[in-house]
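I have placed the structure first, in the form of structure tokens, so that the comments after it can refer back to it.
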Amino acid sequence: MATARSSASVPISAAERGDYDAVRSFLNTSQSASNAVAIDSAGRRSTLLHAAARNGQRNIVSLLIEYDCRVNTPQEGTDDTPLMLALTGGHEDVAEELLNHEKCHYNAQNSAGWSALMIAAQSGLVSAMDQLLMKGPDMELETHEDRETALTLAVAAGQDEAVKMLVEFGAQTGHMNGRGFTPLDLAWQLRDEQSGRPTEGGYKRRIIEALSERRRRRRRRAEADDASDDDLSADDAEDRSGRSSGSSSRLIAGRYKNLGQLGSGAHGLALLVRDMRCNRGGHGPDSRLKVLKQISRQTGRDLQASGRENRELLSLRQLDHSCLLSLLDYFNDTDDKLCLVTEYCELRDMHTWIQWANNTDIALPFRLVTHWCLQMLLGLSYLHERQIVHGDFKPSNVFVQSDATVRIGDFGCSLDLGDAEEAVASAISGTWIYMSPEMIQNNVRSTANDMWSLGCTFYELCTCQPLFDPGLPRPALRAQICSEAERRFDELPQLLPAWLHAALPRMLRQSPPSERPTAAGLLLEDEVANSLRKMQPDQLAEDRQFLADNLAGVLEAGDDNDAAKYSPNRGFDYSLAYDALLADVERFVASSDADQQLSDYQQLENLRAKLAEKKNQAEFPLEKVYQIFTEQNVEQGTGTRSAVARSGQQLEQRMAELTSDAEGCEMVQMAILLERQCLDS
1 MATARSSASV
11 PISAAERGDY
21 DAVRSFLNTS
31 QSASNAVAID
41 SAGRRSTLLH
51 AAARNGQRNI
61 VSLLIEYDCR
71 VNTPQEGTDD
81 TPLMLALTGG
91 HEDVAEELLN
101 HEKCHYNAQN
111 SAGWSALMIA
121 AQSGLVSAMD
131 QLLMKGPDME
141 LETHEDRETA
151 LTLAVAAGQD
161 EAVKMLVEFG
171 AQTGHMNGRG
181 FTPLDLAWQL
191 RDEQSGRPTE
201 GGYKRRIIEA
211 LSERRRRRRR
221 RAEADDASDD
231 DLSADDAEDR
241 SGRSSGSSSR
251 LIAGRYKNLG
261 QLGSGAHGLA
271 LLVRDMRCNR
281 GGHGPDSRLK
291 VLKQISRQTG
301 RDLQASGREN
311 RELLSLRQLD
321 HSCLLSLLDY
331 FNDTDDKLCL
341 VTEYCELRDM
351 HTWIQWANNT
361 DIALPFRLVT
371 HWCLQMLLGL
381 SYLHERQIVH
391 GDFKPSNVFV
401 QSDATVRIGD
411 FGCSLDLGDA
421 EEAVASAISG
431 TWIYMSPEMI
441 QNNVRSTAND
451 MWSLGCTFYE
461 LCTCQPLFDP
471 GLPRPALRAQ
481 ICSEAERRFD
491 ELPQLLPAWL
501 HAALPRMLRQ
511 SPPSERPTAA
521 GLLLEDEVAN
531 SLRKMQPDQL
541 AEDRQFLADN
551 LAGVLEAGDD
561 NDAAKYSPNR
571 GFDYSLAYDA
581 LLADVERFVA
591 SSDADQQLSD
601 YQQLENLRAK
611 LAEKKNQAEF
621 PLEKVYQIFT
631 EQNVEQGTGT
641 RSAVARSGQQ
651 LEQRMAELTS
661 DAEGCEMVQM
671 AILLERQCLD
681 S
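One point on numbering: in UniProt numbering, the residue at position 8 of the sequence shown is 8, and numbering is uninterrupted.
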């Protein structure tokens, strides 16, 4: 945190005009003087580095770096870093000095979403761009409002050299900004600065040639070797299809940034991605976060060539129900994998909550269990009314939202993806304990099979134990499923609604399957309908409070081992989950000090965004530092600022073992404190 000093004592004006001796004299007064804050000549709260960088004082910048100032501190109000301020002023020599610092965050974005590369590209600062591009920046970052990238900004500004450099380094030439224009569209719209009329020559021609060059190279290579696509580079393949499933540095399908793997199953991988064409929502979790599931096909059919598959996907995309996970997008990637894009649910899945309850002996509230059962019935009824069989219904495919509701997802088994026998065998290998007898014996998929799976899920949610023993050898498990399902219903808690006690034996009827109740039929029964009517908003608020109180423990329970506990996404998940629970701004407004609560929330959200950026760019061990601060707060018995401050030397030593980034640790400290305050309010 910045050192508190009076404005009069901090030589901001000396830094602005380049008075080396005055600044050096001040720095010698205190070890933390280099990070002091004061009001500059424009009335802004600035550090000495902000003032020097903005005014192009390279000698002062070098001096401040020598005195270990923080090179990434954002300017209050705009979140501009010193690097951005230097580039905005056109001071490439100062930018060079900052970029030479090993901890300089060249991918940081300010409050409007601008990055250093965007500023340099729009201004045509090719020397700074050359240094930035050699560091491998994210060229597909977008401004928040207009979704402009460095390339679209350079084109619109007529910076032909900047455009050529960006294209050579692989910037996406097919990106569409918020107004629906590609870089080539913007190039054709360029006008003469003096007359205001469209211009035909000069820099406009050079920009269009640069944007078209990659397309021409691709065409020449394709003509030279059209026998195999294997000889094309990854960059050419991406340009050809617009679809990439590779590294996180490239956008998948030209719009989805890979943030890491969430999990894997019988049908493929699930990735956490950010939709770069979607604006972030107001408060709460980042609405741009999605889940992209890559499903392997059993045959090499193309999506466009498969009429049946295309019809099924269109049908799934048209589903619209509050208890179903929405299918937002689908496409083929370059490896002939089907990619499905769905919403991201911040509080994991139902299986994780059941596992946590079983391990901790903390019972899930019967009210919450009843609400979730009703919501699953509603979602499955909606599917079955449209002749859609889920095919793989189980707790891990039911996802928990921050508003305490659940959504049915993972419709991979609803699609015919090739060899039916192989697909069924693959699914059965992982989900035997939720499969009906007719599915296991005859590979029969039907709505009755879904109702059996729903019954198994109901039982596991009510008892926190699976109905069948997943540890049994396959022949023994097969025998148990096909003959013993009706023996264990006396283990259901007596406090559950009577309709659940009555429905489960019927849903798990061995044969004939046609005698199992339908989801729509159950919802029409009097007791079930009465339970639906009793699902009031105040009860849902109690459900949300239970989830909030136990979230941290559930996140830990979701990690199977110590290696997974500190996976690259662990700390990021922790932050996202808290974002979700703090998204209800209304309860802050209802507090006695609404303005302060809202201010704390906004400050917390800003800190989280900066921490996520720091973690992604500098390998900052966010999850471990979070853990240290959380443990320290528990030891102190309170979450107040004074309690954390009292931890003193011991806490600093523990952090030093993890990272030398004191600025990041201070940001985590403040985030933890604000989390405590917001949750306690």
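Virtual Cβ for every residue (Gly too), placed ideally from N, Cα, C.
With L340 and L327 assumed to form a contact (beta carbons below 8 angstroms), what rounded beta-carbon distance in angstroms separates them? Between L327 and L340 the Cβ distance is about 6 angstroms, and since that is below 8 angstroms, they are a contact.
Please list the terminal residues of the continuous alpha helix (DSSP H) segment that includes C456. Residues 447-463.
For Q189, which residues of its own chain have a beta-carbon under 7 angstroms away from its beta-carbon, when the five flanking residues on both sides are left out? Sequence-distant Cβ neighbours of Q189 in its own chain, meaning closer than 7 angstroms and more than five residues away, do not exist here.
Can you tell me whether DSSP reads F399 as helix, strand or coil? Judged by DSSP in its simplified three-state form, F399 adopts strand.
Taking the alpha carbon of M276 as the point to measure from, which residue in L461, L289, L555, L184 has its own alpha carbon closest? Ranked by how close their Cα comes to the Cα of M276, the residues L461, L289, L555, L184 have L289 in first place.
Would you mind reading off the limits of the alpha helix (DSSP H) that contains G379? If you look at G379, you'll find it in the alpha helix (DSSP H) that goes 366-385.
Give every residue of the same chain whose Cβ lies closer than 7 angstroms to the Cβ of residue 704, excluding the five residues on either side of it in the sequence, and list them in chain order. Given that the chain is displayed from residue 1 to residue 681, the structure contains no residue 704 and the question cannot be resolved.
Please tell me whether S32 and L64 are closer than 8 angstroms, where the distance is taken between their beta carbons. Taking 8 angstroms as the Cβ cut-off, S32 and L64 do not qualify as a contacting pair.
For the beta strand (DSSP E) containing V406, name the first residue and the last one. Run containing V406: 406-408, per the beta strand (DSSP E) assignment.
Less than 8 angstroms between the C-beta atoms of N397 and I388, yes or no? Taking 8 angstroms as the Cβ cut-off, N397 and I388 do not qualify as a contacting pair.
Confirm, please, whether the CB-CB distance from G260 to L272 is below 8 angstroms. Cβ atoms of L272 and G260: closer than 8 angstroms.
Let me confirm a value: D138 is counted as buried when at least 16 other C-beta atoms fall within 10 Å, else exposed. Which label applies? Burial is judged here by how many other beta carbons sit within 10 angstroms of a residue's own beta carbon; D138 has at least 16 and is buried.
Within 10 angstroms of the Cβ of M134, are there 16 or more other Cβ atoms? Answer buried if so, exposed if not. It is exposed - the Cβ of M134 has fewer than 16 other Cβ atoms within 10 Å.
For E92 versus G113, is the C-beta spacing smaller than 8 angstroms? Contact annotation: E92 and G113 have beta-carbon atoms that are not nearer than 8 angstroms.
Closer than 7 angstroms: D320 CB and nearest the ligand MG heavy atom: The ligand MG is not part of this structure, which contains no ligands at all.
Buried or exposed for N110, please, with buried defined as at least 16 other CB atoms from any protein chain shown within 10 angstroms of its CB. Buried is the call here.
Spell out a yes or no on whether the stretch 519-527 and the stretch 544-555 are touching, meaning 3 or more CB-CB pairs, one atom from each, closer than 8 angstroms. Verdict: no, contact absent.
Helix, strand or coil, according to DSSP, for N177 in the structure here? Looking at N177 - three-state DSSP - the assignment turns out to be coil, as it is neither helix nor strand.
Separation of G263 from D538, as counted between CA atoms: Each residue's CA atom was taken as its position, placing D538 and G263 some 34 angstroms apart.
Can you name the start and end residues of the alpha helix (DSSP H) that S531 belongs to? Residue range 526-533 is occupied by the alpha helix (DSSP H) that includes S531.
Option nearest R386 by Cα separation, candidates N530, L27, T447: Answer by Cα proximity: T447.
Check K565 in the structure and name its three-state DSSP category. With a pLDDT of only 32 at K565, under 50, the local geometry of the prediction cannot be trusted, and no value is derived from it.
Could you name the residues of the same chain whose beta carbon sits closer than 7 angstroms to that of S381, not counting the 5 residues immediately before and after it, in chain order? Counting only Cβ-Cβ distances below 7 angstroms, and skipping sequence neighbours, we find A519, A520, L523.
My output table needs one value for residue 683: the three-state DSSP class, helix, strand or coil. Examination of residue 683 is not possible in this model, given that the chain is present from 1 through 681 alone.
Can you give me the Cβ contacts of F468 inside the same chain, cut-off strictly under 7 angstroms, excluding the 5 residues immediately before and after it? Answer for F468: I433, L477, Q480, I481, listed in chain order.
Beta strand (DSSP E) containing S41: first to last residue? Careful: S41 lies outside any beta strand (DSSP E) and carries neither H nor E.
Leaving out five residues on either side along the sequence, give the residues of the same chain with a beta carbon under 6 angstroms from the beta carbon of A404. L540, D543, R544, L547.
Is the distance from the Cβ of L508 to the Cβ of W452 below 8 angstroms? In this structure, L508 lies near W452, with their beta-carbon atoms less than 8 angstroms apart.
What residue does the beta strand (DSSP E) around T360 start on, and which one ends it? Not the beta strand (DSSP E): T360 falls in the alpha helix (DSSP H), residues 350-360.
Cβ shell of M535 (< 8 angstroms), same chain only, five flanking positions each side left out: Correct list, in chain order: H371, L374.
Identify the continuous beta strand (DSSP E) that holds D275 and give its terminal residues. It spans 268-275 - the beta strand (DSSP E) in which D275 sits, taken as one unbroken run.
Own chain residues within Cβ distance below 6 angstroms of R499, not counting five before or after: The amino acid occupying residue 499 in the given sequence is Trp; Arg does not appear at that position. Around W499: E527, V528.
Quick check on DSSP: helix, strand or coil for V444? Residue state, collapsed to three classes: coil.
Straight-line gap, V10 to D21 (C-alpha atoms, nearest Å): Roughly 13 angstroms between the two C-alpha positions.
Does DSSP classify L324 as helix, strand or coil? Reduced to three states, the DSSP call for L324 is strand.
Determine the extent of the alpha helix (DSSP H) in which residue 724 is found, giving its start and end residues. A query on residue 724 cannot be resolved here, the shown segment of the chain reaching from 1 to 681 and no further.
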